[in-house]
Structure formats: C-alpha cells, structure tokens
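Below: one structure, written as structure tokens.
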Amino acid sequence: MQKYLLSFLFFAFSTLVFGQFKVDDFKAMKFRNIGPAGMSGRITAIDVDLSNPNRIFAGAASGGVWLSENGGISWTPIFDEQSSLAIGAIKINQKNPSEIWVGTGEGNPRNSLNTGNGIYKSLDGGKSWQKMGLENTKTIHRIIIHRDNPDIVYVASLGSPWGPNVDRGVFKTIDGGKTWRKILYVNDLTGAADMITDPNNPNKLIVAMWEHKRDPWFFNSGGKGSGLHITYDAGDTWKKLSDEDGLPKGDLGRCGLAFAKNKPNIIYALVEAKENGLYKSIDGGKKWSLVSTKNIGDRPFYYAELYVDPLNENRIYNVYTYISMSEDGGKTFREIANYGNDVHPDHHAFWIHPTDPQYIIDGNDGGLTISRDGGVNWYFAGNIPVGQFYHVNVDNDFPYNVYGGMQDNGSWVGPSAVLKRGGIRNHDFQELYFGDGFDVVPYRKDSRYGYAMSQGGNVGFYDRETGKTRFVKPNHPNPSVELRYNWNAAIAQDPFSDCGVYFGSQFLHYSNDCGESWRILSPDLTTNDTTKQNADKSGGLTMDATNAENHTTIIAIAPSPINKNVVWVGTDDGNIQLTQDGGKTWTNHHKALKGLPIASWIPQIHVSEHNEGEAWVVANNYRRNDYSAYTYHTTDFGKTWTRIADDTQIKGFVLCIVQDHKQPNLLFLGTDVGLYVSFDKGKKWHHWNKEFPQVQVNDMKIHKVEDELVLGTFGRAFWILDDINPLRELAAKGETILNNEFDVLESTHGYLVSYKSYDG
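What the sequence shown shows, in our numbering, is residues 458 to 1217, in sequence order.
Here you go:
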C-alpha cells in the first residue's frame, strides 16, 4: 500500500498569500476515492458522439459527467472542477462533437434530489468548461440544439421543486449561450418536464409543462399549470393542447414525450392524469387518442420517459421502475430490463443509436448499462463510483473498514486499504442490508456485527459472516401509539456501553442489549404538528407513499463522549433538544439560534470530545427553498450560541461537521458544494476545491488511530484524506506559519517540509 510506504512528502509554496491558507499549497495531501462502484449510483443523462459511437458521455444525479472512449469499458470524470456535479442533461452538437452542453440539477424531484447552478458549455470535447448562465434554474432536464444552427439552443428547466421559482420553463439562445430569453412560462410552480423537436422541422417543438411542489412532509404532482404546448415558429408563439384535442380532462401532472423519427407525424405522450394513460397522435400533435392505461409505469413524478425506435414507429421503450417495450404502438408492453436480467430498477436516462437501434444505453439508480442486442443482454459499467451515501462510519480493524448506506443501493462495508496487490476492488465490499441504505453502526466490540438501516426506521442487527440479520426496530409499549420514523432515521451508539444504542422516532429509544429490548427516554421531542403528518397521502394525482415524506421525526442523536447523561437530539421540524440527566428532563434550544428559520432541518449535531458543554449544530432549510448555510456553536450546553457558517464564507447549504479529537481548533464542514476546513474553530473557512470534487459531503469521520479523514459523499462514494497531521499543526500554530520561509509539519508517515520560493 502506497500510503504505508510513504515516508516523506515535500511541498513547494510558490504563490503564498501572506497569512492565507491555499489548497494549492497542500496539493501533496491527496484524497483517494475507495469506491465502491459495484453498486454505482443514479445516472440521469446520456449522449453519444455519433462520429465515434464508442465515445459515451454519462451524467450522474450528483456525481458529475463521465466520459468513456472505448464503448463503456473505462470511464473518466471530466466535470470535477465545476461548482455543481448535479447533472440533469447532456447534449452533443453532432455536427461538431467538440461542442457539448451540460445542464445541472437533476430533473427527477425525489426527496433527495440535487439541484444545480445553470448550464455549461465545452468547445474542446469536455476538457474545459464555461458556465453559460441560467444560474437560478435549479434543475435542467432537457437541452435541444437546433438542427441547422448550433447557436440556437433550447433549455427546459423544471426549476426548484421546493418552492416558487420564476426561472423555469423554456429558455432560448440564438448566440451560443451569450444571452437567453424565456420563451415559455406558465407560473412559478410549473416547469418544463420534457421537450422534443420534430426531426424534420427544427422550429417545431412540443413541451410538457408540469406543476408540482415538494415540501419536507408532502409532494404534490399536478395542477392547472400542467399541459402540453406546441410551437411551429421556434417558440415565438405557443398553443396549449386540451381535452378538445383528445387529451384527458381535468388537471394533468407530469408527461413524457417522444417523436417517431422515421415517421414524425406519429408522437407519443405518457400523460399523468386522474387516470394515467399513453396517448398517440398521428397528425403531428394536433389530435390525440388514448392507446392504453395498462403497464405504462407507476411513479410519474420520478420517471416519465418514452423513447421510440428510430427505425420502427411501433416499437416504444417505456423507462420507469423497469424498462418495458411495446411492439404494437403501445397497446401491450413486456419488460426487457429488470431484476431477472440483473439490471437495477428505477430508470432515468436512455439512448438509442439513430441507425442501429440494437445499441442501447440505459441510466438507472444503480448506474449505467449497455445493450448491443436491443435489450436482450446488458453489460453493467461497474467502474463509475457515483454512489450516494447518506452516512459514513469506521471501525478499528487493521486496515480499518468503512461503512455507509446508499440511496436505493443498500448498506455496505469495505476496506479503507488492502494488504495485497491491485488495490481495493468492488468485490472487497459486502452488502449488509437491503433497501435504501442509511446509517451503519459497527458493533464496537466485534466488527463482525452491527446495525444497518433502510427507509422509514427499519433497522437490523447484522452478522457479516453468516449473513443473518435480526430485525430490531423499536415498538411502542402501547400498541395504539404510532411511531413516526424519518426516511433517514437517527441512530447512535452509546459511547459508554458496547451494546448500548440510541434510536429515534418522535421519541428517543434506548437499548442496552443490542436491540433485543428498548425503553423510551423522552417525551415526543418534535413539534408533533399533525398538519405535517400526512405522508401516507403524498403524491398528488398519483399516490406515492414510500416513507420519504415522514415528518416531525428525530433525525440526529448525539450522545456526549464525556458525560453519559448528556444527549443532544435534532429533529426534521427544527427542534434542538438536550438532556443533561439521562433523559429525565429536556430543554429545547431551537429559539436561541439567531438567524435560523423556525422548523429548519437539523441533520447533525456534533459533541466535542474536549468539553462536555460544547457542541455544533448543523441546520439546513433548502427543503423550503432556502439554500443558505447554517451552523452554530455552543460551549455552555446551549445557553449561548454563535453562528459560524453563513453565506459570506460558505457557498452551499451545510450537512455535517466534525471536530478533530486531538486538535480542537481543527474543524471540517461538509456542504452541498464540497468540503471546507477551519483552523480557528470556525472563525474562517477554506474551501478544499482542488484535487477533490465539489460534491455533496453528507457525513464525515476522523479515524482515531490512522489520523485519516473519511468522507461519505452523496454522488462520489467514499473518499479518504490519508493524513491530517499537517492540518493539525497548522491549527495549533496558526496560519501565520505560512509566512515562514521554512517550516516542518509533522506527519504520520514522515514530515511535510514547506518552503517559499521567490522569483528572482
């Protein structure tokens, strides 16, 4: 292992600013990505260079843009220097494949979606990128380049799913992205969910507008703003289609659209309505008729995608939980990609070669798959590490193991390093629990065992050797009391008892026998707002009750590592609760944090190992359309608070924080746009935006033996910074040591020698 062979690292400080930390100066401190990629992550956009069909571009929901130049065998990230890795659309100018457009912000607004910051353009095949505006669109789901004039580009924006947003609808540029004009807009809750253009007439477009709204506790799809719009003059004028044109009466929801390229008068529309249906037009979109209401999909808000074989107008691909295909114009469908042929469910991106429809590429929640025989057989690209981890944990084995749960991909454990040639491989990782994966807590006494979770508070005590899992979800002693568990429920190990564990519903539960039995340590610690407890009715036109909108629940539990009677609890409705007597009494501090909106999400609380009264509270409020940074610090059990993260220093909302257990001045902050570090306990923050992508960092741990920072990212799997001792030195001595012409920083693996160089 390279990290154990390393003895000395050298720095050359060539461009130091007086008294200023610069990530460039610490470029010898390397992050390494350990995967896994065997369960990859959500792929949301695909395009292929038709002049070289082995050149594939794939965009991940929160993991950037990836390029393969050998038909999917190997992949390289090409978007990592950009300030958003949430990808919603990719479009290549096929007449000049060096020109590529990327729209940021995924267009599938589930509860864990990632928003972006506009549209980007490359003129050199993805080697470099330039932001081309539309920064406030939040989500871009479609891009169309004009067939005859590549300076004309159309962009379909869904906007923010979390609240009103005027930067949604269809935008158009006629000067290659220098300026934009909004050419289709309905209202501030209605965005463009799909957009297609007539293969024979580039001035004719059809757009599916979709009114939708997501709250932390509810999702509503559908409204009067939804509907299909058609233009024949490149967007100067539009006609909204109605039930008089053959579409269903009443409010519509999300719709998917597809032209038959060989016969463009044939158009298909997958329409969410009171009764969802597949509709067809044979006159170019003027009149529509219902084809079928059966086997056409199940979750329109998450996937409403249709594709037609470019050579056969009757062969339709419906991309939803599974991929189904119709050979008779949509009257009947059969599945061609599901668990039976080892293709992960939940599909969001699809591409068919325009002259060889046997060549298909699919993007789903588990990664990217390729078929060369029309969907009979599929090849999985098992080397795109874009896993979306909600949490990360570590144990004390050697080499130590890293644990975490992934969005829609289970809970996993794998080594931080391996004592063999070849490095870490996918097969070194082991799945511990099924479902959407969340927190994993290894049993401190023996890493063979531990706790793993799936959505809605389902938790099990696993055995890594036998594969047996004992279900240990707490129940209330009174069967009439319904327990509310968050989609991402909170769990924490008792620092003072190997078999002690805390778990959160609306109550704080505690077990001293590894989950065999539970007792309740608190009253309801949430607001218990019953108006926000209707998750079982969520969805709007189409019911979608999956526990994702469970609300008024506990989402953070932080027992003090110093005082066993001190426990902090954070909720999804803004409460910050503290007990100092083991749960007998509780104090809610939510009103004491100045500047924090009431009912903000409290995803993490970190308690100091140096001072039992010291804690950090991470809050975010983006689920109510507020993307500001909030983090607070107390040293006196919450009597007084200082806000240490706001928009003056931090670019995105905050998700996690950790204090170094050895050097109290050293803090790391995980945000929507990557990692920040502070050497003065949060007074000043530095963005670590070199050699590490600006991916969402959901959780962090510092390994106490190896002195390594371990990151669980939501989009790029696990990362490790091998040695943080130089940063400890900087925090201890202060940033003024960067003014020295020569200094030596101690490292676990040797010494970091720094010196200034001067021109002349």
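Cβ atoms here follow ideal geometry from the backbone N, Cα and C, with glycine treated the same way.
Where DSSP assigns a beta bridge to residue i, which residues make up the other side?
i: K1158; result: V1167
i: Y890; result: S868
i: H1143; result: V1134
i: C1113; result: G1127
i: F960; result: I948 and H966
i: Q587; result: K578
i: H1063; result: W1073
i: D504; result: F514
i: D917; result: At residue 917 the sequence reads Gly, which differs from the Asp that was named. The partner list for G917 (beta bridge, DSSP) reads A909 and F928.
i: M863; result: F846 and G867
i: F488; result: L1178
i: L763; result: N775
Excluding five sequence neighbours on each side, which residues of the same chain lie with their C-beta closer than 6 Å to the C-beta of residue i?
i: R638; result: K629
i: K460; result: A caution first: K460 carries a pLDDT of 42, below 50, which makes its placement in the model unreliable, though a value can still be read off. These residues qualify, in order along the chain: D1179.
i: F837; result: T826
i: G786; result: N771
i: G947; result: Note on residue identity: the sequence assigns Ala, not Gly, to residue 947. Cβ neighbours of A947 beyond the five flanking positions: G961, I1011, I1012, A1013 and I1014.
i: N593; result: D624
i: P721; result: D655, P656 and N657
i: I600; result: A546, K548, W558, G560 and V612
i: Y642; result: G626
i: L1168; result: V1154, M1157 and W1176
i: Y1084; result: F1110
i: W1098; result: A1049, L1050, Y1089 and T1091
i: V445; result: Since the displayed the chain opens at 458 and closes at 1217, residue 445 lies outside it and no answer follows.
i: K902; result: D955
Can you find a CB in chain B that lies within less than 8 Å of the CB of residue i?
i: W1176; result: Judged by its chain identifiers, the structure shown contains no chain B, having just a single protein chain.
Cα-Cα, which of the options is closest to residue i?
i: G957; options: Y1089, G907 and I640; result: G907
i: T988; options: E1006, D830 and S678; result: E1006
i: K1147; options: Q815, A1013, D1156 and V1134; result: V1134
i: H805; options: C971, T501 and H1047; result: T501
i: T750; options: F758, V765, K731 and T983; result: K731
i: L1053; options: P872, V1064, L1035 and R1081; result: R1081
i: G633; options: D608, L615, I640 and N657; result: D608
i: A761; options: E784, N733 and K743; result: N733
i: D1156; options: H1063, G1095, A1086 and L1050; result: H1063
i: N850; options: S868, G839, G914 and I841; result: S868
i: P872; options: N550, I817, V898 and Y860; result: Y860
i: G1070; options: L1050, Y736 and Q1037; result: Q1037
i: G521; options: N509, I547, S508 and F1110; result: I547
i: G707; options: A717, G679, Y725 and K696; result: G679
i: G894; options: I881, R878, M863 and S904; result: M863
i: E701; options: D740, W745 and A515; result: W745
Residues in its own chain within less than 8 Å of residue i by CB, not counting five upstream and five downstream?
i: N985; result: Q963 and T1009
i: K1021; result: D951, P952, F953 and G1039
i: T694; result: T688
i: G528; result: P510, N511, I513 and I827
Could you give the C-beta distance for residue i and residue j, rounded to a whole number, given that I count them as a contact under 8 Å?
i: Q1153; j: D1129; result: 5 Å
i: K588; j: G575; result: 6 Å
i: L662; j: T688; result: 5 Å
i: W808; j: D506; result: 12 Å between Cβ atoms; not a contact.
i: Y816; j: R829; result: 6 Å
i: T1044; j: L1035; result: 5 Å
i: Q912; j: N991; result: Not quite, the Cβ-Cβ distance comes to about 18 Å (not below 8 Å), so this is no contact.
Closer than 7 Å by C-beta to residue i: which residues in its own chain qualify, once you throw out the five before and the five after it? Chain order, please.
i: Y1215; result: Any reading at Y1215 must be qualified, since the residue scores a pLDDT of 27, below 50, and its modelled position is unreliable; no value is offered.
i: L580; result: S555 and E556
i: P659; result: H603, R604 and D605
i: G545; result: T501, A502, G560, T561, G562, E563, G564, G573, T596, I597 and H598
i: D755; result: Y777 and T778
i: A1164; result: Correcting the residue type first, residue 1164 is Asp in the shown sequence and not Ala. So the list reads D1180, I1181, N1182 and T1205, once near-sequence residues are dropped.
i: A794; result: Y779, I780, V800, D819, G832 and W835
i: F519; result: The sequence shown places Ser at residue 519, not Phe. Result list for S519: L542, A543, N571, Q845, V1152, Q1153, F1171 and G1172, in chain order.
i: D1137; result: N1122
i: K1190; result: none
i: H1118; result: E1066, I1159 and K1161
i: S974; result: S968
i: G620; result: R1081 and N1082
Give a single yes or no on whether residue i has its beta carbon closer than 7 Å to a heavy atom of the ligand MN.
i: V898; result: Annotation note on the ligand MN: not contained in the displayed structure, which lists no ligands.
So within the stretch 639 to 721, which uninterrupted beta strand (DSSP E) runs reach at least 3 residues, ignoring any that extend past its ends? For the stretch 639 to 721, whole beta strand (DSSP E) runs of length 3 or above, ordered along the chain, are 647 to 655, 658 to 672, 675 to 678, 684 to 688 and 712 to 716.
Quick one: complete beta strand (DSSP E) runs, 3+ long, within the stretch 1077 to 1108? If we require 3 residues or more, the beta strand (DSSP E) runs fully inside the stretch 1077 to 1108 come out as 1083 to 1091 and 1099 to 1102.
Threshold first: 3 residues or longer. Then list the beta strand (DSSP E) segments lying entirely within the stretch 772 to 809, N to C. Annotation: the stretch 772 to 809 contains the following complete segments of the beta strand (DSSP E) (minimum length 3 residues), in chain order: 773 to 776, 780 to 783, 791 to 794 and 804 to 809.
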